[in-house]
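The structure under discussion appears below in the form of structure tokens.
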Amino acid sequence: MFQLQEKKPEDYEKIVNIINNPEPLPRRVPDYMRKKGGVWFWTGALTMFAFIYEVITGLIMLFYYEPSNAYTSTENFLHTVPYGEIILTTHLYGAYIMIALLYVHLLRNLFVGAYKRPRRDQFLSGILLLLLTLGVGYFGYSLSGDVLSADATDVGRGIAQGFPVIGNYIMEIIFGNGTQVSLFHRLLAWHILFAGLIAVVVAAHFFLAEARTIMPKRSETNYMAPAIDKEKPDYKPWYPYNMVYMVELGFFSFAAIFILPALAALLPGVPTLFSPFPQVAPGNPAASSVPAYPPWFLLFMYKELDFQFAQGIGPFWATVIFAGFPLVYLIILPYIDNTFSLKLSDRPIFTGLAVTGIFYLIGLSVWGALTPGIQIPTGDAVLFFVIPLLVVLPITWVVAKYFRMGKINYNHIAVIGSAPIIGFFAFELGVILPGYFRGDGGIYLEASIFLAVLIVLILLILMKSAGYFTSSVKKTETNRYFYIAIAAVLGFFSLFLATIVSIMNPTSITDEAFYSLAIGIIMISLGSITKIYRKITYNE
1 MFQLQEKKPE
11 DYEKIVNIIN
21 NPEPLPRRVP
31 DYMRKKGGVW
41 FWTGALTMFA
51 FIYEVITGLI
61 MLFYYEPSNA
71 YTSTENFLHT
81 VPYGEIILTT
91 HLYGAYIMIA
101 LLYVHLLRNL
111 FVGAYKRPRR
121 DQFLSGILLL
131 LLTLGVGYFG
141 YSLSGDVLSA
151 DATDVGRGIA
161 QGFPVIGNYI
171 MEIIFGNGTQ
181 VSLFHRLLAW
191 HILFAGLIAV
201 VVAAHFFLAE
211 ARTIMPKRSE
221 TNYMAPAIDK
231 EKPDYKPWYP
241 YNMVYMVELG
251 FFSFAAIFIL
261 PALAALLPGV
271 PTLFSPFPQV
281 APGNPAASSV
291 PAYPPWFLLF
301 MYKELDFQFA
311 QGIGPFWATV
321 IFAGFPLVYL
331 IILPYIDNTF
341 SLKLSDRPIF
351 TGLAVTGIFY
361 LIGLSVWGAL
371 TPGIQIPTGD
381 AVLFFVIPLL
391 VVLPITWVVA
401 KYFRMGKINY
411 NHIAVIGSAP
421 IIGFFAFELG
431 VILPGYFRGD
441 GGIYLEASIF
451 LAVLIVLILL
461 ILMKSAGYFT
471 SSVKKTETNR
481 YFYIAIAAVL
491 GFFSLFLATI
501 VSIMNPTSIT
511 DEAFYSLAIG
521 IIMISLGSIT
531 KIYRKITYNE
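Heads up, the sequence shown is in this note's numbering, so the first residue is 1 and it goes up one at a time.
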């Protein structure tokens, strides 16, 4: 008779060995990548966590979605499917978080020079991932069948139809033959196809990241490319050190995905742009009062289509110009910036262009949120693009020159570099805030708060870099039993909250929002416990 053999200790050691040495992946990394500030090395991993959540919740919703009755099936899922509100809203905000993290990941790589050799192909695969993610976000946003979905697909049709010669064929391939059933079948198909392509490109991107090594601190390679992390004997194995750290980051990532849409559902006056719920159907009389907002991550592109010049040449060519130029620049950047230096001061033009790009992205997005569908004179558009360029590039060039001469340091650069940014946001704040008091709408107040928060954050970062928050009192090592006590309290609190959640029977949108909020808080507690465990066990 067949008998199960008891596992021997060496079996566990073999499994651990396979995890840590699958050759050639995953690589061991230096300790500083897991310590304070190390999260900046893992923005790609955070994006992956959001994508995994999107796949899981997307597959659940796929069982209930009916392309032949898009709006009704979306509303039914929201109101009648158990936990439907949690799944739908967290899926939406999970996409928002994924896109925001991709922007952060891209900008960090631009500033640290991660596009240089030997990571050119890895950087290009990241650009492809950004495009695919914006695409899957657009198609997913359009699947709800509400009035915003109709507006988004109308704009998409206009862009596709403008393609020379074969525009009508492209429009039909993407958006169907003109019937609603055909439209939502196509949107769903493209949404799933793009999600599958993202999975393939993510796998390739992570393989390249491991094969090229995670880019180390620039100081480790004397600020010179190629920046290769040469494994040292004191590097700790991937398991358990990196694995436990990934668990910690995962908990915090999922916490954000649960908490943000819950707050958006519970707080009054959340603008349409960030509402986690579908708007009214296109045929509803109230549809005319809903602003024609695109998804926030495409606001900058939609606003460019409102320029008088863009309307003169058509949406397709406007898209080619306004989206094509930045895309081409990012694609050729690894080849035109062929210097070996990773210092920002040695590449002032490229640094200045990156800062200007941030101006354009935020400025156009705010502009689009405040004036959706309103035509902008060509002169105003020219000024918007020219003034930041004429201000930022010379400042960047002069600052880099004086830094290389040793006449200014990093604190000076922080102040000088932040001055135009603060000035720009302050100017926008001065223009926008009066609109709220004129009664132009609550969106003006939300935009003003957003800009004010950005200004305060920049000022706090400047103060921290200048040492204002540095205590003169010598730090003492906290007793490990104190950490154990904190972890015990958090564990008890998590169990208490989990018990309450387990007996809840959410029957309304508000109930499910509180349910989602509770899950997010539990995730934060678990992430904090994991962090404490790492501190006590690994001193990280």
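Ideal placement from N, C-alpha and C gives every residue a C-beta, glycine not left out.
In the DSSP assignment, what residue or residues form a beta bridge with Ser-341? Met-224
Taking buried to mean at least 16 other C-beta atoms within 10 Å of its own C-beta, is Ala-419 buried or exposed? exposed
In whole angstroms, give me the CA-to-CA distance for Glu-54 and Val-147. 23 Å
Those runs of the alpha helix (DSSP H) which lie wholly inside the stretch 49–123 and span at least 4 residues: 70–79 and 84–112
Whose CA, out of Thr-530, Tyr-115, Thr-133 and Ser-125, lies closest to the CA of Met-98? Thr-133
Pro-216 versus Lys-232 - alpha carbon distance: 13 Å
Skipping 5 residues on each side, what residues in its chain have a beta carbon closer than 7 Å to that of Gly-84? Phe-77 and Leu-78
Have a look at His-105, Asn-338, Glu-304 and Val-136 and flag the residue whose alpha-carbon is nearest the alpha-carbon of Ile-198. Val-136
How about Val-270 and Val-280: are their beta carbons less than 9 Å apart? no
Three-way DSSP call (helix, strand, coil) for Phe-307 in this model: strand
For Ile-376, which three-state DSSP category applies? strand
Report all residues from its chain with a CB closer than 7 Å to the CB of Val-201; omit the five preceding and five following residues, and keep chain order. Ser-125, Leu-128, Leu-129 and Leu-132
At which residues does the alpha helix (DSSP H) containing Phe-207 begin and terminate? 180–212
Span separating the alpha-carbon of Pro-278 from that of Pro-261: 13 Å
Assuming Ala-447 and Leu-361 make a contact with CB atoms under 8 Å, what is their CB distance in whole Å? Contact flag wrong, Cβ pair sits at about 15 Å.
Is Thr-72 buried or exposed, if buried means 16 or more other CB atoms sit within 10 Å of its CB? exposed
Who are the near neighbours of Ile-532 in its chain, counting only those whose CB is closer than 7 Å to its CB and skipping five residues on each side? Tyr-483, Ile-486 and Ala-487
Endpoints, alpha helix (DSSP H) assigned at Glu-231: First-last for Glu-231: undefined, no H or E at that position.
Thr-319 in three-state terms, based on DSSP: helix
Alpha carbons only, please: which of Val-501, Tyr-245, Gly-162 and Ser-253 is nearest the one belonging to Leu-101? Ser-253
Count the other CB atoms, across all protein chains shown, that sit within 10 Å of the CB of Ala-551; report buried if there are 16 or more and exposed otherwise. Residue 551 cannot be examined here, being either before or after the span of the chain that is shown, 1 to 540.
Simplified DSSP assignment, three categories, for Ser-508: coil
Whose C-alpha, out of Gly-435, Phe-206 and Val-244, is nearest the C-alpha of Pro-26? Phe-206
Have a look at Glu-540 and Met-243 and give me their C-alpha separation to the nearest angstrom. 13 Å
Sub-9 Å separation of Phe-297 and Tyr-481 beta-carbons: no
Buried or exposed: which applies to Met-48, given that a residue is buried once 16 or more other Cβ atoms fall within 10 Å of its Cβ? buried
To which residues of the same chain is Leu-143 closer than 8 Å at the C-beta, ignoring the five residues directly before and after it? Tyr-65, Ala-70, Thr-74, Ser-149, Phe-184, Leu-187, Leu-188 and His-191
Residue-chain proximity (Ala-498, chain C), Cβ-Cβ < 9 Å: The displayed structure is made up of one protein chain only, and chain C is not part of it.
Where does Thr-530 land, buried or exposed, given buried means 16+ other C-beta within 10 angstroms? buried
Does the Cβ of Ala-400 have 16 or more other Cβ atoms within 10 Å, making it buried, or fewer, making it exposed? buried
Have a look at Lys-343 and Ile-408 and give me their C-alpha separation to the nearest angstrom. 15 Å
Go to Val-290, then tell me how far its alpha helix (DSSP H) extends in each direction, as first and last residue. Premise fails: Val-290 is in no alpha helix (DSSP H) and is neither H nor E.
Residue interval of the alpha helix (DSSP H) (run including Glu-172): 167–175
Given a cut-off of 9 Å on the beta-carbon distance, is the pair Leu-266 and Phe-424 in contact? no
Contact between the stretch 366–380 and the stretch 333–341: three or more CB pairs below 8 Å? no
With H, G and I counted as helix, E and B as strand and the rest as coil, what does DSSP make of Leu-260? helix
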